[in-house]
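Below is one structure; the comments refer to it alone.
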Amino acid sequence: MTDAFATHDAYETDDGEYALTTTPFDGRVVVDGDEYRVSVTMPTLDAAVEEPVDEVVEDGWFETLSLRLADAEGATRADIEVPDPTVERRGGKVVVEWTATLGDATRAAEAAKALIEYAEGTYVEGIVPGYAYRSPVADLIANARTEGDGEDERGPMPL
176 MTDAFATHDA YETDDGEYAL TTTPFDGRVV VDGDEYRVSV TMPTLDAAVE
226 EPVDEVVEDG WFETLSLRLA DAEGATRADI EVPDPTVERR GGKVVVEWTA
276 TLGDATRAAE AAKALIEYAE GTYVEGIVPG YAYRSPVADL IANARTEGDG
326 EDERGPMPL
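Read left to right, the sequence shown gives residues 176 to 334 (my numbering).
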């Protein structure tokens with residue numbers, strides 16, 4: 176099972192885990208037989224911004240992120256069952272974990288990648304305007320602006 180992760184070009188082996196290299200967040204997979212623990216660690220809102228964040232804003236942001244991450248199953252594009260993740264705040268970080276049986280190893284490597292990238296995309300969708308963001312969130316915002324011209328027929332894309 177682990178060969179599919181070790182040979183996949185999006186992962187690097189790191190102390191018995193597989194670290195996804197396609198996201199600035201810390202996305203990892205631990206393989207235990209047929210079971211996979213997929214985790215991603217991202218900054219909380221107050222850890223990602225330069226200025227103070229009111230507790231009510233931080234709590235609302237976290238609750239919304241948690242609810243949106245529960246929809247991750249559709250991100251895998253595979254016929255697999257993905258349970259709701261655990262989403263916890265731990266000292267300025269949000270830690271998201273899924274534990275699942277993801278099918279054969281090749282499908283598992285792709286499904287785990289999709290889950291971690293879904294968490295990143297969900298995080299970016301929840302960026303609260305009006306704050307000055309630190310790296311890596313500032314980098315994600317800058318990349319989103321440069322990936323396209325930032326406009327469509329309705330005008331500039333708000334970020």
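All residues carry an ideal CB built from backbone N, CA and C; glycine is no exception.
Please read all numbers here as calculations on a predicted model, not as lab measurements.
- In chain order, what residues of the same chain have a beta carbon less than 7 Å from the beta carbon of Glu322, not counting five sequence neighbours either side? Excluding positions up to five away in sequence, the list is empty.
- Bridge partners of Ser214, per DSSP? Ser214 pairs with Arg203 and Glu272.
- Quickly, what does DSSP pair Ala313 with across the bridge? List them, please. Beta-bridge pairing by DSSP links Ala313 to no other residue.
- Nearest neighbour of Pro260, chosen from Arg243, Gly191 and Ala222 [CA to CA]: The residue with the shortest Cα to Cα distance from Pro260 is Arg243.
- Spatial distance of His183 from Thr251 (CA atoms): Distance between the alpha carbons of His183 and Thr251 is about 16 Å.
- Using 10 angstroms around the beta-carbon of Glu328, count the other beta-carbons present and answer buried if the total reaches 16, otherwise exposed. Note that Glu328 scores 47 on pLDDT, short of 50, meaning its location in the model is unreliable and no value can be drawn from it.
- Task: Determine which residues share a DSSP beta bridge with Thr261 and list them.
- Result: In the DSSP output, where bridge partners are listed per residue, Thr261 has Glu272.
- Supposed close pair Val257, Glu248 - CB separation, criterion 8 Å: The distance from the Cβ of Val257 to that of Glu248 is about 4 Å, consistent with a contact at the 8 Å cut-off.
- Query: Cβ of Ile316 within 8 Å of Cβ of Thr198?
  - Reply: Contact: no.
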